[in-house]
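Asker: Quick note: the sequence shown uses the working numbering, first residue 205, plus one each step.
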Amino acid sequence: MKKCISWVGVMAILALAVCSIWPRTAETDFSNMVLTGEVLCSENGTVTLNLGELTGNLTPESISGIRFPVVISSFVHAAPDTSTAETAVQAFISWKRDTVLDLNKAAVYSVSEDGEQLPGSVDDIAPQNLISVTVDDTNRPATVFILQNTEKICLDSESVQGSAANTITEDLSERGTEYTSTGDDENALRVVGAKATLRHSEVEKQSGSSSDSFRSGRYGLNAALLATDGAHLSLINGIVNASVDGSTGLFGYGAGTLINLNGGAITTTGDGGTGVQASGGAQIQVQDLTAITAGNSASVICTARDGRVDADGGMFTSGGYDSPAVYAMGDVTMSHAELTANNSQALVLEDSPEVILRNCTVSGNMQTEEATTETGQTIQLYSSRSDSSQDSAVLRMLGGSLASKSGNLFNATNTRCEILLNQVNIENSGSDVLLCATGNSGIYGTAGENGADVTLRAQKQQLNGRILVDDISSLHFILEQGSSFSGMIQKTAFEGSTAPNGEITVKIAKGSTWSLTGNSTVDILQNEGTIVWNGYTITLADGTVLSA
């Protein structure tokens, strides 16, 4: 049975035309992605979607700057009047039309407004539904969730991305072209759904401000170069400059959007001017790039929760406060790269990214008096969500070096995270604290319930310093493959905690060593290696005091 959305006029004819082309397979590789789409047509388990993303709640103030299409979708038929709105709404941002997916082999569930998941079938999928589709590693839909809450505004990507001084919408290859912008909320160059190769081109955002920092940071509003709506962009030995506040150098948005950067340089000088950012499912591949940011709150590499960046070689340097070399909410993999934050944390992992650094040189120098966090650190792991129980950040550093010039080496709060260190040359000149796993005053999560659950795994690794864990946080510390730790572990009380439930577990594998530098507290100790006591003790959870 074929079910299609009932629109008026030309929109209805176009929708029916799309549905009549069966069978059809998607050309885009969506492997290991989670897609969100508005159903246009559904026939025999095959659906045609407008792909996009479902944002968080938008307030009337944030909606006020968005340009609404005359016909947005069947959810709304006119621009909403936000002048008297009292409650926030969700917005579905559509950026890729007419994507066809075969859902016949996927497990289907219906999600009620209160979040309950009920078993369903492909026959339950109807036009106007919003659905979430998990795609497996073979590019086949595996799981489908039908979202029942329809109190949403539906927009297209242009509504939130502003205008463009230059736009590429058809496949092309160019050399030596210059693109500039001086307008507000305007990209110097926008590539929309096309395959474009640009060699030795220059893109410059000379002037023109952003009216909305959220849309700049999420959708590429006012970026110098924006690739969106499934575009494939190759920029070879290009130069990208952005010299105004709130202007990212290069921004990729939307699942199916793929950017290849080979050589060249990206420079931003304004506050909030990220160097390279992937959002909305976009993927960016970088080789031998030089990227420099000078402003505050201007990370060099940034991934939103569903973006990805892979880099081989290159130099990535930030100069401003709160401007890490890498700010990851989505996955980042880098090899043989130099990452330097001259006045900020080197790395920030928010929520559930996986960051893998192979043979990279990493350096941070956070200036705590100018920072927005409670403590200084070189690597920060945290969740911004009030409930972080589903988050699981992963950091793997394999080879290379890590220099901490100010603050603790690692800080973790309101998160579950795993840190793997394998043969990393560590220099911690800013503090004697190796790791601080604690709650916070309520900046992230609820005070008293926002501790950290950290797994720290050392392989062929030398570690030095103090480890601090409060009583609402947990640590699983594993020394293996000949690793050594020279330091102490201290358990502290979180002020105001009413139900401390933290636990410290230390496992020393055969061939590994812990050399104590002070009395330590451990709930569970599994020792198959060597402990060098140096006159100090370890106190266990049951009160047992261990010594030489």
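Don't be surprised by glycine CBs; every beta carbon is placed ideally from N, CA and C.
1) Would you report the Cα separation of Q666 and T338, rounded to the nearest angstrom?
2) Pull up the distance between the alpha-carbon of S751 and that of V736, whole angstroms please.
3) According to the neighbour-count rule (16 or more other Cβ atoms, all chains shown, within 10 Å of its Cβ), is S548 buried or exposed?
4) Per DSSP, C640 is paired with what?
5) For R422, which of helix, strand or coil comes out of DSSP?
6) Quick check: S431 and G456, are their CB atoms within less than 8 Å of each other?
7) Determine the direct distance from the alpha carbon of S596 to that of C621, and round the result to whole angstroms.
8) Going straight from the alpha carbon of E290 to that of S414, what length do you get?
9) CB A550 to CB I583, shorter than 8 Å?
10) Measuring alpha carbon to alpha carbon, tell me which residue in D306, G387, A330 and S417 is nearest Q410.
11) Determine, using beta carbons only, whether T434 and H404 come nearer to each other than 8 Å.
12) If you count every other CB in all the chains shown that lies within 10 Å of the CB of G213, and 16 or more means buried, which is it?
13) Sort T717, M692 and K714 by Cα distance to T741 and report the nearest one.
14) Going by C-alpha to C-alpha distance, which of P331, T250 and G649 sits closest to K309?
15) Write down the C-beta distance between I335 and L351 rounded to the nearest angstrom, noting that I regard them as a contact closer than 8 Å.
16) Rounded to whole angstroms, how far is the Cβ of E493 from the Cβ of G534, which I believe are closer than 8 Å?
17) Pull up the distance between the alpha-carbon of S678 and that of N626, whole angstroms please.
18) When burial is assigned at 16 or more other CB atoms within 10 Å of the CB, is L376 buried or exposed?
19) Suppose the cutoff is 6 Å on Cβ atoms and the five residues either side in sequence are ignored; what does the same chain contact list for D516 look like?
20) Could you spell out the range, first to last residue, of the beta strand (DSSP E) harbouring R600?
21) What number of angstroms, rounded off, separates the C-alpha of S438 from the C-alpha of S605?
22) Quick check on E732: buried or exposed, where buried means 16 or more other Cβ atoms within 10 Å of its Cβ?
23) Is N546 near N563, with beta carbons less than 8 Å apart?
24) Checking 8 Å against the spacing of the C-beta atoms, do N806 and Q571 come in under that value?
25) Tell whether a beta-carbon distance below 8 Å holds between G479 and G450.
26) Where do the N-terminal and C-terminal ends of the beta strand (DSSP E) with Y586 fall, by residue?
27) When you compare only the Cα positions, how much space is there between V348 and A398?
28) Start and end of the beta strand (DSSP E) containing W737?
29) Within a Cβ cutoff of 6 Å, which residues of the same chain sit near T471, ignoring the five residues on either side of it in sequence?
30) Counting only the same chain and skipping the five closest in sequence on each side, list residues whose C-beta sits under 8 Å from that of V749.
31) What residue range does the beta strand (DSSP E) around K711 cover?
32) From this set, K664, S633 and A697, which residue's C-alpha is nearest N644's C-alpha?
33) Report the three-state DSSP secondary structure of V658 (helix, strand or coil).
34) DSSP puts N370 in a beta bridge; with which residues?
35) Name the residue from E653, M601, P323 and V566 whose alpha carbon lies nearest to the alpha carbon of T619.
Answerer: A quick look at the data gives this:
1) Looking up residue 666 in the sequence shown gives position 462. Looking up residue 338 in the sequence shown gives position 134. Looking at the two C-alpha atoms, the distance is approximately 40 Å.
2) Translated into positions along the sequence shown, residue 751 becomes position 547. Translated into positions along the sequence shown, residue 736 becomes position 532. The alpha-carbon atoms of S751 and V736 are separated by roughly 10 Å.
3) Translated into positions along the sequence shown, residue 548 becomes position 344. It counts as buried.
4) Translated into positions along the sequence shown, residue 640 becomes position 436. In DSSP, C640 forms a bridge with N615 and L672.
5) Along the sequence shown, one-based indexing puts residue 422 at 218. It is helical.
6) Start at 1 with the first residue of the sequence shown, and residue 431 comes out as number 227. Start at 1 with the first residue of the sequence shown, and residue 456 comes out as number 252. Correcting the residue identity first, residue 431 is Ala in this sequence and not Ser. Cβ atoms of A431 and G456: closer than 8 Å.
7) Indexing the sequence shown from 1 puts residue 621 at position 417. Indexing the sequence shown from 1 puts residue 596 at position 392. Straight-line Cα distance between these residues: approximately 5 Å.
8) As a position in the sequence shown, residue 290 is number 86, starting the count at 1. As a position in the sequence shown, residue 414 is number 210, starting the count at 1. For E290, the pLDDT reaches just 37, beneath the cut-off of 50, and the residue's location in the model is therefore unreliable, leaving the point undetermined.
9) Within the sequence shown, numbered from 1, the residue matching residue 550 stands at position 346. Within the sequence shown, numbered from 1, the residue matching residue 583 stands at position 379. Note that the C-beta distance between A550 and I583 is below 8 Å.
10) By one-based count along the sequence shown, residue 410 stands at place 206. Looking at the Cα atoms, G387 is the closest of the given residues.
11) Against the sequence shown, residue 434 aligns to sequence position 230. Against the sequence shown, residue 404 aligns to sequence position 200. The residue you asked about is not Thr; residue 434 is Gly in the sequence shown. No, the pair does not count as a contact, with Cβ atoms beyond the cut-off.
12) Residue 213 sits at position 9 when you count from the first residue of the sequence shown. At G213, the pLDDT of 35 sits below 50, so the modelled position is not reliable and the matter cannot be decided from this model.
13) Within the sequence shown, the letter at position 537 stands for residue 741. Nearest of T717, M692 and K714 to T741, Cα basis: M692.
14) Counted from its first residue, the sequence shown places residue 309 at position 105. Nearest Cα to K309 within the set P331, T250 and G649: T250.
15) Residue numbering aside, residue 335 sits at position 131 when the sequence shown is read from its first letter. Residue numbering aside, residue 351 sits at position 147 when the sequence shown is read from its first letter. Confirmed, Cβ separation roughly 7 Å.
16) Within the sequence shown, the letter at position 289 stands for residue 493. Within the sequence shown, the letter at position 330 stands for residue 534. It is Leu, not Glu, that sits at residue 493 in the sequence shown. Contact doesn't hold; Cβ gap of about 18 Å is too wide.
17) Reading the sequence shown from its first residue, position 474 is the one you call residue 678. Reading the sequence shown from its first residue, position 422 is the one you call residue 626. If you take the alpha carbons of S678 and N626, they lie about 22 Å apart.
18) The sequence position of residue 376 within the sequence shown is 172, counting from 1. Under this definition L376 is an exposed residue.
19) Looking up residue 516 in the sequence shown gives position 312. Hits under 6 Å: Q491 and S539.
20) In the sequence shown, residue 600 corresponds to position 396, counting from 1. First-last of the beta strand (DSSP E) with R600: A597 to L602.
21) As a working mapping, residue 438 is identified with position 234 in the sequence shown. As a working mapping, residue 605 is identified with position 401 in the sequence shown. If I take the Cα positions, the gap works out to 31 Å.
22) One-based indexing of the sequence shown puts residue 732 at position 528. Classification of E732: exposed, given that the 10 Å Cβ count is below 16.
23) Start at 1 with the first residue of the sequence shown, and residue 546 comes out as number 342. Start at 1 with the first residue of the sequence shown, and residue 563 comes out as number 359. Cβ atoms of N546 and N563: not closer than 8 Å.
24) No statement about residue 806 is possible, as the shown extent of the chain runs from 205 to 752 and does not include it.
25) As a position in the sequence shown, residue 479 is number 275, starting the count at 1. As a position in the sequence shown, residue 450 is number 246, starting the count at 1. Cβ atoms of G479 and G450: not closer than 8 Å.
26) Walking along the sequence shown from the start, residue 586 turns up at place 382. Element bounds for Y586: Q581 to Y586.
27) Numbered from 1 along the sequence shown, position 144 holds the residue referred to as residue 348. Numbered from 1 along the sequence shown, position 194 holds the residue referred to as residue 398. Just so you know, the alpha carbons of V348 and A398 end up roughly 28 Å apart.
28) In the sequence shown, residue 737 corresponds to position 533, counting from 1. It is not in any beta strand (DSSP E) - W737 carries neither H nor E in the DSSP assignment.
29) Sequence index remark: in the sequence shown, residue 471 carries index 267 (1-based). Counting only Cβ-Cβ distances below 6 Å, and skipping sequence neighbours, we find N445 and I496.
30) Stepping through the sequence shown from its first residue, residue 749 is reached at position 545. Only T741, I742 and T743 meet the Cβ criterion.
31) Walking along the sequence shown from the start, residue 711 turns up at place 507. Note, K711: beta strand (DSSP E), I708 to I712.
32) On the sequence shown, position 440 is the one that residue 644 refers to. It is A697.
33) Counted from its first residue, the sequence shown places residue 658 at position 454. Three-state result, V658: strand.
34) Start at 1 with the first residue of the sequence shown, and residue 370 comes out as number 166. According to DSSP, which records beta bridges pairwise, N370 is partnered with nothing at all.
35) In the sequence shown, residue 619 corresponds to position 415, counting from 1. It is E653 whose Cα lies nearest to the Cα of T619.
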